[in-house]
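Student: Residue numbers for the sequence shown follow my numbering, beginning at 467 and rising by one. No residue lacks a Cβ here, since even glycine has one placed at the ideal position from N, Cα and C.
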Amino acid sequence: MVPHRQTALHRGRRRIPALAAAALLLAALPALGSGPTAHAAGGGAPAGPATTGSNRTGPATTDGNRTGSVTANGNRTGSATTDGNLTKNPGFEAGLAGWACSGGSGTAVASPVHTGSGALKAAPAGADNARCAQTVAVRPGSSYTLSAWVQGSYVYLGADGTGTTDVSTWTPSAGSWQQLTTTFTTGPATTSVTVYTHGWYGQPAYFADDITLTGPGGGDPGEPAPGAPGGLRAGAVTASSVALSWDAVPGATGYNVYRDGTKVLSAEAASATVTGLAASTSYRFEVSATNAAGESPKSAAVTATTSPGGGDPGPGPSVPEHAVTGYWQNFNNGATVQKISDVQSQYDIIAVAFADATTTPGAVDFRLDPALNYTEAQFKADIAAKRAAGKSVVISIGGERGTVTVNDASSAAHFADSVYALMRAYGFDGVDIDLENGLNPTYMTQALRALSAKAGSGLVITMAPQTIDMQSTSAGYFRTALNIKDILTVVNMQYYNSGSMNGCDGKVYAQGSVDFLTALACIQLEGGLDPSQVGLGLPASPRAAGGGYVSPSVVNSALDCLAKGTSCGSFKPSRTYPGIRGAMTWSTNWDAAGGSSWSGAVGPHVHGLP
């Protein structure tokens, strides 16, 4: 939301300036195919194709030319240990065989082509970016180079599921065939990746040809898949974890651990600890072995029961059907200093900002700012009182300068364990995800599911992505939200410090208008989230953000437009969403500094929605 205790702006140091036209906007956007990317202050288009991942910017680097033997149609020859092309039908001479394109957007054409007799033509639509993808077998812990020849505006090339940092590269404009290239290294248990191309919403069709992935291939014809592990046994148990070990399998490069039939983690060695479990609960575990040739059958199952827990604050109140969320500042930046007991009664969810990263990857901690003169005992008592009054209090993770990173199974476990420890220590009802430097959807999903297993059905999970994070269902934040849809409470996207963005109709809308709120909310509502999981996040006053403040009446109009089809601007959704959750603001402190005028106007309106 804001730098820890250093500025009054809610993400104000990293806002994107408003752009007057779609071309300028899109040239400033990063590739969404590989997940959200932090924006530098001032935005601006990159000088050339940029590789994006969790924290990558700038041109792609390579680890050497990979020029293995390739047949005339682009398919590799020789063994899988050579560096030939690993993709199937890379030149689309066989139509779309081996490729899957979203929304029926792709077709094979005879012209224009880069080489051979075919190429891909894919046409984005208003709510579809024409993603065409193929899953390719690879080897764990290996380096790969991905390239493609493309033509068109805003064409992207990338790889998902690498097990390390997913990557993509793009070109804003290729009037003739232009080669895109990026590189990545697979994780220790990665045996397949998904390579893809996509365009941009509402833009003209793009073309792609000769898509090449070079590096060690998976699944050598003469290499057998490993056998099933034997000797699976349970070791030490706690209230939330079970230690497992098994006999090593010859030829295995990794192992997958299953809990009650669902894969929960991968391991390199013949042992692992499964975390995020509920106390006093019996679980069934199985293990499989993997190598580049594939995955073995599962082992014989073993059952283990976790030990009893203790100290749980108990389930909190359920969140109202229509709710208002407000961030409470654990620092003094010029807004009104509040205690939790001072937070206005209109707020149904209070997000305590922020938890701090620790030296343990993925783990977080929380300490009250001494400048607030707020004792821990009083803080805990105030949280308990709010919960007794029917409010939910969650701990927010991130902020503009938050450095929490969850990018592997270990850090995911640390995240879940540490957040649950804070819930038990302070009485928090859940967690708010406000990571502004991108997140890994695979491992954040794993972390939140582990937390849910610990906390139970009463867990409140909120998210506060930036507008860029929710433009596409392929973006990391959006993918995470959809991955945890069954346990997600609400996504309060921030409609400020943003600049112009595409709406669900493919048109560009400037922040600060009712159309900006409704057309961008429509992307989430039509992209798979339930209306009850969508909230509108706005600053409480002009001083609370660097841009995008709108009066409470505009917030209320946008809610009416979405819920009832009334008070719309030029954009009107094709249908209504009466179950829309409500609104969020940064912050309760800035609201108080303005005489609580924001919550006083928006709160009753939200609570009066149909």
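So what does DSSP say about proline 687, is it helix, strand or coil?
Tutor: For proline 687, the predicted model reports a pLDDT of 43, less than 50, meaning its position is unreliable; a value from the coordinates is still stated below. In the structure shown, proline 687 sits in coil (DSSP, three-state: anything other than H, G, I, E or B).
Student: Assign tryptophan 839 to buried or exposed, taking buried as 16 or more other Cβ atoms, counted over all protein chains shown, within 10 Å of its Cβ.
Tutor: The identity of residue 839 in the sequence shown is asparagine, whereas the question assumes tryptophan. Exposed, by the Cβ-count rule.
Student: Give the range of the alpha helix (DSSP H) segment to which alanine 1011 is assigned.
Tutor: Element bounds for alanine 1011: n/a, residue is neither H nor E.
Student: Please list, in chain order, all residues of the same chain as phenylalanine 459 whose beta carbon is under 7 angstroms from its beta carbon, the five residues on each side excluded.
Tutor: This structure does not reach residue 459, given that the chain is present from 467 up to 1076, and the question cannot be answered.
Student: Whether or not the segment 791-807 and the segment 1050-1065 are in contact is what I'm after, with contact meaning three or more pairs of Cβ atoms, one per stretch, closer than 8 angstroms; do they touch?
Tutor: The segment 1050-1065, when compared against the segment 791-807, does touch it at the 8 angstroms Cβ threshold.
Student: Here's a check: name, in chain order, each residue in its chain whose Cβ is nearer than 6 angstroms to the Cβ of threonine 939, leaving out the five neighbours to either side.
Tutor: The residues are Gly993.
Student: Tell me whether serine 795 sits in a helix, a strand or coil according to DSSP, three-state version.
Tutor: Note that residue 795 corresponds to glutamine in the displayed sequence, not to serine. Glutamine 795: strand per DSSP, three-state reduction.
Student: Hey, could you find the ends of the beta strand (DSSP E) valine 659 is sitting in?
Tutor: Per DSSP, valine 659 belongs to the beta strand (DSSP E) from 658-664.
Student: Classify alanine 1102: buried if its beta carbon has 16 or more other beta carbons within 10 angstroms, exposed otherwise.
Tutor: The question about residue 1102 has no answer, for the chain in this structure spans 467 to 1076.
Student: Could you tell me the alpha carbon to alpha carbon distance between valine 830 and serine 884, rounded to whole angstroms?
Tutor: Valine 830 and serine 884: Cα-Cα distance of roughly 6 angstroms.
Student: What is the rounded straight-line gap between the Cα of threonine 704 and the Cα of arginine 605?
Tutor: For threonine 704 and arginine 605, the distance between alpha carbons rounds to 35 angstroms.
Student: Is cysteine 598 helix, strand or coil when you go by DSSP?
Tutor: Note: cysteine 598 maps to strand in three-state DSSP.
Student: Among the candidates Thr648, Ala913 and Asn958, whose CA atom is the shortest distance from the CA of valine 935?
Tutor: Note that residue 935 is aspartate in the sequence shown here, rather than valine. Out of Thr648, Ala913 and Asn958, Asn958 has the C-alpha closest to the C-alpha of aspartate 935.
Student: Skipping 5 residues on each side, what residues in its chain have a beta carbon closer than 6 angstroms to that of proline 1018?
Tutor: So the list reads Trp1064, Ala1067 and Val1068, once near-sequence residues are dropped.
Student: Which residues does DSSP pair with phenylalanine 845 in a beta bridge?
Tutor: None, per the DSSP bridge assignment.
Student: Sort out for me which residues DSSP pairs lysine 587 with in a bridge.
Tutor: Answer is Thr573 and Phe673, bridged to lysine 587.
Student: Could you tell me the alpha carbon to alpha carbon distance between serine 1036 and leucine 1002, rounded to whole angstroms?
Tutor: Those two C-alpha atoms are separated by around 18 angstroms.
Student: In this structure, does DSSP put aspartate 822 in helix, strand or coil?
Tutor: It is a strand residue.
Student: When the Cα atoms are used, what is the spatial distance from alanine 718 to aspartate 996?
Tutor: Looking at the two C-alpha atoms, the distance is approximately 42 angstroms.
Student: Please classify glycine 942: is it buried, with 16 or more other beta-carbons within 10 angstroms of its beta-carbon, or exposed?
Tutor: Under this definition glycine 942 is a buried residue.
Student: Please state the DSSP three-state secondary structure of serine 877.
Tutor: Helix at serine 877.
Student: I'd like to know whether the C-beta atoms of alanine 733 and serine 658 end up nearer to each other than 8 angstroms.
Tutor: Contact flag unset, no.
Student: Which residues does DSSP list as the beta-bridge partners of arginine 1047?
Tutor: BP columns for arginine 1047 are empty, so no partner.
Student: Figure out for me which residue from Leu925, Gly572, Glu559 and Ser998 has the closest Cα to the Cα of glycine 665.
Tutor: Of the listed residues, the one whose Cα sits closest to glycine 665 is Gly572.
Student: Compute the distance between the beta-carbons of methionine 967 and glutamine 937, then report whether it is under 8 angstroms.
Tutor: In contact: methionine 967 and glutamine 937 (Cβ atoms closer than 8 angstroms).
Student: What span of residues does the alpha helix (DSSP H) with methionine 910 cover, start to end?
Tutor: Unbroken alpha helix (DSSP H) run through methionine 910: 907-921.
Student: Quick one: complete alpha helix (DSSP H) runs, 4+ long, within the segment 962-999?
Tutor: Counting whole runs of 4 or more residues, the segment 962-999 contains the alpha helix (DSSP H) stretches 980-992.
Student: State the Cα-Cα distance for the pair arginine 750 and valine 768, rounded to the nearest angstrom.
Tutor: Going from the Cα of arginine 750 to the Cα of valine 768 covers about 6 angstroms.
Student: Sort out for me which residues DSSP pairs tyrosine 721 with in a bridge.
Tutor: Tyrosine 721 pairs with Ala733 and Ala755.
Student: State the beta-bridge partners of threonine 769 as determined by DSSP.
Tutor: Arg750.
Student: Where do the N-terminal and C-terminal ends of the beta strand (DSSP E) with phenylalanine 650 fall, by residue?
Tutor: Taken as a continuous stretch (DSSP letters only), the beta strand (DSSP E) holding phenylalanine 650 covers 640-651.
Student: Leucine 917 and alanine 882: beta carbons closer than 8 angstroms?
Tutor: Yes.
Student: Around the C-beta of serine 634, are 16 or more other C-beta atoms found within 10 angstroms, so that it is buried, or is it exposed?
Tutor: By the neighbour-count rule (16 or more Cβ atoms within 10 Å), serine 634 is buried.
Student: How about the segment 729-744 and the segment 646-660: do they share at least three Cβ pairs that are nearer than 8 angstroms?
Tutor: Verdict: yes, contact present.
Student: Please state if the CB of alanine 819 and the CB of glycine 893 are separated by a distance shorter than 8 angstroms.
Tutor: Not in contact: glycine 893 and alanine 819 (Cβ atoms no closer than 8 angstroms).
Student: Under the three-state reduction of DSSP, which class applies to valine 885: helix, strand or coil?
Tutor: In this structure, valine 885 counts as helix in the three-state DSSP scheme.
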